[in-house]
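Heads up, the sequence shown is in this note's numbering, so the first residue is 1 and it goes up one at a time.
Some notes on the structure that comes next.
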Amino acid sequence: MIATGPALTDAQRAAVDHTHGPLLIVAGAGTGKTRVLVERYRRLRQEGVPAERILLLTFTEKAAREVLDRVEQEDYLPAGERFILTYHAFAQRFLQEDGWLCGIPRAFRIVSEVRKWELMRDVLLTQRPAHLFHAQRPFERIGELLKLVERAKQELISPAEFRAWAEANAGVDDPVVGAQREAALVYTEYQQRMLAEDRLDFDDTIYFSVQLLAAEPSVAMRQSQRFAQVMVDEFQDTNFAQSRLLELLAGADRNLCVVGDDDQSIYKFRGASVANLARFRAVYPDATVVRLEENYRSRGPILRAAARLIREDPDRLEKRLTATRGEGTPVSVLTANSVTDEADAVAAFVKRAIEEGRHRPNAIAVLLRANAHLHNFARALQRSSVAYQVSGGRGFYQQPEIKDCLAYLRAIDGPDDTVYLMRLLSLPRYAVDAVEAGRWARRARDDGRRFFDILQEAEDDGARR
């Protein structure tokens with residue numbers, strides 16, 4: 001039994017039929033890239049490639065599930081284990097098998113965001129770097145430092161390399177250079193503390209996988225022989241470390257197929273760079289390039305408006321999307337004097353459209369660039385008495401007030417939970433000095449006692465004084 005559907009376009013067919021050597025599929029928005037990935041997977045299976053020798057990597061678990069579901073619906077050949085998973089899931093499995101060769105224990109755990117914060121806090125309290133630590137605001141740089149460490153790993157910069165680079169500027173009397181030298185020491189100790197607990201973060205899984213494959217040719221050869229084909233979705237969102245991982249996995253056979261669109265890169269804040277598309281063509285100058293340009297999702301006016309905006313990007317790959325759905329309503333542009341005026345105008349437009357019967361309420365969507373803008377539009381819709389439903393915004397449990405309430409409940413249920421007690425101590429009604437709270441937390445850890453008991457002792461001491 002073979003799944004049927006609309007015939008593939010010439011470009012889609014070219015991508016599906018190319019099964020040997022490097023392939024770059026430049027897939028514009030709505031051009032059927034997922035179908036091409038699934039059809040190409042099916043073609044490889046028909047050519048005799050076992051399912052367990054095809055590695056298909058995605059960025060999100062949702063995307064991996066979607067592709068896996070589609071593949072299982074359309075690939076009716078007997079299959080063993082399928083390797084359709086995220087970068088990090090693959091790297092975790094790889095390190096669990098071979099990580100011991102570079103000192104990673106098989107039973108390593110992925111560190112939580114809370115524990116990362118705690119580790120960085122402990123490093124700052126220990127080192128007290130002059131440019132990065134202030135007694136009145138001791139932890140305000142933790143977020144920045146965690147992002148710096150994250151970016152260093154995504155660029156395959158080790159603590160030693162970071163430190164060597166910083167020390168090369170040791171004689172420069174500049175606060176920025178001083179902060180960089182301190183950050184190098186913070187990065188070094190932070191990583192030492194995390195590894196001492198047998199923990200890795202998600203970027204570590206990629207970082208150590210690359211280090212191992214690069215340092216152990218026999219391991220790299222075994223992995224490249226294990227997977228006859230490597231396919232990658234959303235390649236424009238790869239960072240340097242992920243891109244290097246793919247090159248090592250492809251090996252000498254170079255059967256690497258990547259699907260990407262530089263116009264759709266959304267993970268630059270995570271170190272992703274469309275420069276990796278250019279890098280792919282530099283590493284594989286003989287790569288076949290297939291462009292998918294027939295858009296099945298949007299109508300002509302939307303595609304033309306988007307093209308006029310994105311064409312100002314000098315680094316983009318040239319592509320011209322055409323709409324298979326024909327023309328539609330012209331795009332209108334609203335200019336407002338403020339964010340509030342903009343939100344009010346949108347709310348008024350939505351209300352008129354509903355009252356005049358032009359659109360059903362559930363057929364109207366307001367798309368926002370960032371969650372930070374959600375509040376203004378929600379308030380505007382409320383003022384206009386328009387019912388709405390939020391999708392994809394900051395969840396109920398992520399609201400600061402809800403987090404505070406949960407911290408109280410957690411503290412009542414388990415008063416030995418340091419993280420939630422620290423959150424409560426930072427509330428204005430308690431106004432506990434952060435340095436003092438950190439000192440109490442270290443004391444509890446060093447003495448092997450409950451943080452709550454240390455707080456009670458501190459309260460009793462204060463009462464006696």
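Heads up, the beta-carbon is just placed ideally off N, CA and C, and yes, glycines get one too.
Can you grab the Cα-Cα spacing for the pair Tyr430 / Arg410, in whole Å? 17 angstroms
First through last residue of the alpha helix (DSSP H) which encompasses Gln223: Pro217 to Arg226
Just list the residues that DSSP pairs Cys257 with in beta bridges. Leu23 and Met231
Tell me whether Gly99 sits in a helix, a strand or coil according to DSSP, three-state version. Gly99 sits in a helix when the DSSP states are folded into three classes.
Pick out the complete alpha helix (DSSP H) segments inside the region 89-149, 4 residues or longer, and give them in chain order. For the region 89-149, whole alpha helix (DSSP H) runs of length 4 or above, ordered along the chain, are 113-127.
Measure from the alpha carbon of Ala51 to the alpha carbon of each residue in Met231, Gly103 and Gly392, then state which is nearest. Met231
Buried or exposed, going by whether 16 or more other CB atoms sit within 10 Å of the CB of Val26? buried
Integer Cβ distance of Ala348 from Ser384, believed to fall under 8 angstroms: 6 angstroms
Report yes if the CB atom of Arg193 is closer than 8 angstroms to the CB atom of Leu119, and no otherwise. The beta carbons of Arg193 and Leu119 sit closer together than 8 angstroms.
For the structure I just gave you, are there three or more beta carbon pairs, one from the region 100-113 and one from the region 159-169, closer than 8 angstroms? As far as the Cβ criterion goes, the region 100-113 does not touch the region 159-169, which means the pair count is below three.
I'd like to confirm something about Gln389: is its beta-carbon nearer than 7 angstroms to some heavy atom of the ligand ATP, or not? Of ligands this structure carries none, so the ligand ATP is not represented either.
I'd like to check one pair, Arg43 with Asp69: are the Cβ atoms closer than 8 angstroms? no
Cα-Cα, which of Pro129, Tyr190 and Leu145 is closest to Gly178? Pro129
Given a cut-off of 8 angstroms, decide if Asp261 and Gln236 are closer than it, judged by their beta-carbon atoms. Taking 8 angstroms as the cut-off, the Cβ atoms of Gln236 and Asp261 count as close.
Which of the three DSSP states, helix, strand or coil, is assigned to Ala51? helix
C-alpha gap between Val386 and Val333, whole angstroms: 22 angstroms
Hey, quick one: how far does the beta strand (DSSP E) through Val290 stretch, first residue to last? Thr288 to Leu292
Under the assumption that Thr86 contacts Glu294 (Cβ atoms under 8 angstroms), give the Cβ distance between them as a whole number of angstroms. Not a contact, Cβ separation roughly 28 angstroms.
If you draw a straight line from the alpha carbon of Leu56 to that of Leu256, how long is it in whole angstroms? 10 angstroms
Whole-angstrom C-beta distance between Pro138 and Gly438, which should lie under 8 angstroms: 7 angstroms
Pair within 8 angstroms by beta-carbon distance, Glu189 and Val123: yes
Leu185: which of Arg151, Pro175, Asp201 and Ala164 sits nearest, CA to CA? Ala164
Leaving out five residues before and five after Phe269 in sequence, what residues of the same chain have Cβ atoms less than 8 angstroms from its Cβ? Residue confidence for Phe269 is low, a pLDDT of 46 falling below 50, so the modelled location carries little weight; the figure read from the coordinates is stated next. Cβ within range, chain order: n/a, list empty.
Beta-carbon separation of Leu421 and Leu455 under 8 angstroms? With respect to Leu455, Leu421 sits close: the two C-beta atoms are nearer than 8 angstroms.
For Ala29, three-class secondary structure by DSSP: coil
Is there contact here, the region 320-327 with the region 296-308, by at least three beta-carbon pairs under 8 angstroms? yes
Which residues bound the alpha helix (DSSP H) around Ile412? Pro400 to Asp413
Could you have a look at Leu156 and say whether DSSP puts it in helix, strand or coil? coil
Tell whether a beta-carbon distance below 8 angstroms holds between Thr58 and Glu234. Contact: yes.
Would you call Lys403 buried or exposed, if buried means 16 or more other Cβ atoms sit within 10 Å of its Cβ? By the 10 Å Cβ count, Lys403 comes out exposed.
Could you pull the DSSP bridge partners for Ala323 from this structure? Asn295
Taking the beta carbon of Leu277 as the centre, do at least 16 other beta carbons fall within 10 Å, making it buried, or is it exposed? buried
Comparing C-alpha positions only, which one of Ala135, Gln127 and Asp174 sits nearest to Tyr187? Gln127
Could you name the residues of the same chain whose beta carbon sits closer than 6 angstroms to that of Ala343, not counting the 5 residues immediately before and after it, in chain order? Asn376, Phe377 and Ala380
Terminal residues of the beta strand (DSSP E) in which Ile84 lies: Phe83 to Thr86
Which two residues bound the contiguous alpha helix (DSSP H) that contains Thr238? Element bounds for Thr238: n/a, residue is neither H nor E.
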